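Residue numbers (the working numbering): 149 to 583. Below is one structure, written out as structure tokens, with a few remarks after it.
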Ligand code: 5AD
Ligand code: SF4
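So this is what it looks like as structure tokens:
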């Protein structure tokens with residue numbers, strides 16, 4: 149069967165969301181149409197994530213669920229990081245999978261579809277020297293806030309992490325390609341661009357670093373806001389920190405995962421930063437841009453983590469006063485050094501620590517949100533809210549903001565924060581002075 153319609157389901161990080169958008173453009177370019185909501189598609193692409201065990205298991209149960217009541221099923225492409233990690237193995241784990249394509253090879257999906265039509269079950273987990281970016285069609289659609297991958301892969305080898313294996317070695321896209329794509333996104337309606345990379349602040353090209361790149365992107369007509377994620381603490385250069393005080397379009401927000409507040413655990417994680425160096429970076433950021441919102445990632449229950457180590461993590465939440473943070477239970481990933489470390493932490497201990505950490509994070513998050521009530525600011529409208537007449541936008545500090553307005557997505561709206569919740573804000577349109 150030659151598929152006429154497709155559906156893409158992306159899981160995991162923003163880079164996967166970006167890849168999902170590019171796969172959609174690629175398939176559209178080849179004459180396939182996106183299936184509407186609730187409609188069945190001839191081809192389903194599961195763009196998977198391998199970062200934690202649950203995420204990988206989910207991929208296989210999602211495959212199973214694609215079987216229809218009448219016993220038929222769509223063509224199924226397993227894409228993303230589970231595909232990269234499992235390779236041909238995925239085909240034996242699930243006979244429903246027709247093709248397996250890794251994150252650096254998805255530009256070859258059209259050829260793979262042809263192979264499938266001839267009865268093959270192709271697997272492509274190469275990391276080809278010719279970049280997928282050169283083989284993808286130009287951008288034609290963009291959300292008000294658009295993702296743009298500028299860097300991929302990781303050379304850091306944190307002992308818990310699969311990314312160096314699923315996404316490969318660090319590569320930076322050339323400046324010219326990034327600026328060209330950013331211009332197309334702006335023309336297609338993006339008002340904000342989020343520069344993406346597994347280690348985005350390690351981006352470099354011809355002696356230039358991320359701060360230089362941001363300066364160039366900031367000059368593009370129509371782009372009012374720039375963000376970047378995810379940064380590694382060891383690569384936060386003084387130039388990038390200074391840029392936050394110098395470039396108006398660069399949003400006052402930094403996602404800087406710390407993972408643990410214990411130096412002993414950080415060392416075992418091979419994080420190449422200490423709590424002291426991390427806190428110093430935050431201090432410098434706040435000196436450059438006093439209102440910056442700090443966000444982070446945490447892992448609880450890394451092998452050997454003691455109650456004392458964990459309490460040090462609670463303390464760093466207090467010290468940094470995170471505006472938001474994500475926290476996860478450690479998940480042993482096959483092939484990573486931490487998976488074979490002694491002293492794996494029992495599930496109940498992890499559950500207890502995660503609950504305590506999340507309660508602490510919720511406090512600092514709410515405190516941050518409350519501290520902004522009464523401020524006049526601008527939000528970027530992204531989508532309709534749950535109630536009629538309500539829209540949801542993003543503040544410079546990445547808070548979700550509910551406002552009563554009929555302003556269309558992509559509008560930058562002047563508002564005043566009127567109320568704070570744990571996970572979102574309420575705003576009211578600011579009346580312009582009559583004069
Ligand atoms: N177990 C739990 N969390 C993990 N992360 C990465 N690898 C693991 C793992 N093996 C978390 C880290 C990272 C985020 C994207 O996912 O906190 O910053
Ligand atoms: Fe998941 Fe990491 Fe792959 Fe993103 S790069 S999809 S977080 S495994």
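Yeah, the Cβ is synthetic: ideal placement off N, Cα and C, and Gly gets one too. Small disclaimer: the values here were computed from a predicted structure and weren't measured.
Beta-bridge pairing by DSSP links residue 526 to 562. Going by DSSP, residue 501 is part of the alpha helix (DSSP H) stretching over 495 to 519. Excluding sequence positions up to five before and after residue 479, its CB lies within less than 6 angstroms of the CB of 200 and 201, all in the same chain and listed in chain order. Taking residue 370 as reference, the option from 172, 333 and 347 with the minimal CA-CA separation is 333. With a beta-carbon spacing of about 7 angstroms, residue 571 and residue 548 fall inside the 8 angstroms limit used to define contacts. Counting only beta-carbon distances shorter than 6 angstroms to the non-hydrogen atoms of ligand 1, the qualifying residues in chain order are 199, 200, 308, 309, 405, 407, 445, 447, 476, 478, 479 and 481. Between residue 230 and the set 221, 223 and 209, the nearest pair of CA atoms involves 209.
Comparing alpha-carbon positions, the option among 465, 535, 533 and 413 lying closest to residue 507 turns out to be 465. When DSSP assignments are scanned along the region 360 to 436, the uninterrupted stretches of beta strand (DSSP E) that are 3 or more residues long and fall wholly within it turn out to be 373 to 377 and 401 to 403. By the Cβ neighbour-count rule, residue 405 is buried, with 16 or more other Cβ atoms within 10 Å of its own.
With three or more CB-CB distances shorter than 8 angstroms, the region 342 to 351 counts as touching the region 366 to 380.
DSSP lists 320 as the beta-bridge partner residues of residue 299. Taking a cut-off of 8 angstroms on C-beta distances, the region 451 to 458 does not touch the region 418 to 425, as fewer than three cross pairs fall below it. Residue 554 and residue 532 have their C-alpha atoms spaced approximately 9 angstroms apart. Membership of residue 548 in the beta strand (DSSP E) is indicated by the continuous run 548 to 552. When beta bridges are read from the DSSP output, residue 340 appears opposite 293 and 373. CA-CA distance, residue 523 to residue 567, rounds to 10 angstroms.
In the three-state DSSP reduction, residue 441 falls in the strand class (E or B).
In the structure shown, the three-state DSSP call for residue 232 is helix.
Residue burial annotation: residue 167 is buried, with at least 16 other C-beta atoms found within 10 angstroms of its C-beta.
Secondary-structure assignment with DSSP links residue 447 through a beta bridge to 476. Comparing alpha-carbon positions, the option among 495, 445, 492 and 485 lying closest to residue 474 turns out to be 445. Non-local C-beta neighbours of residue 326 in its own chain, meaning closer than 6 angstroms and more than five positions away in sequence, comprise 298, ordered along the chain. At a Cβ-Cβ threshold of 8 angstroms, residue 525 and residue 563 count as neighbours. In this structure, the beta-carbon distance from residue 159 to residue 196 falls below 8 angstroms.
For residue 272, the secondary structure class from DSSP, reduced to helix, strand or coil, is strand.
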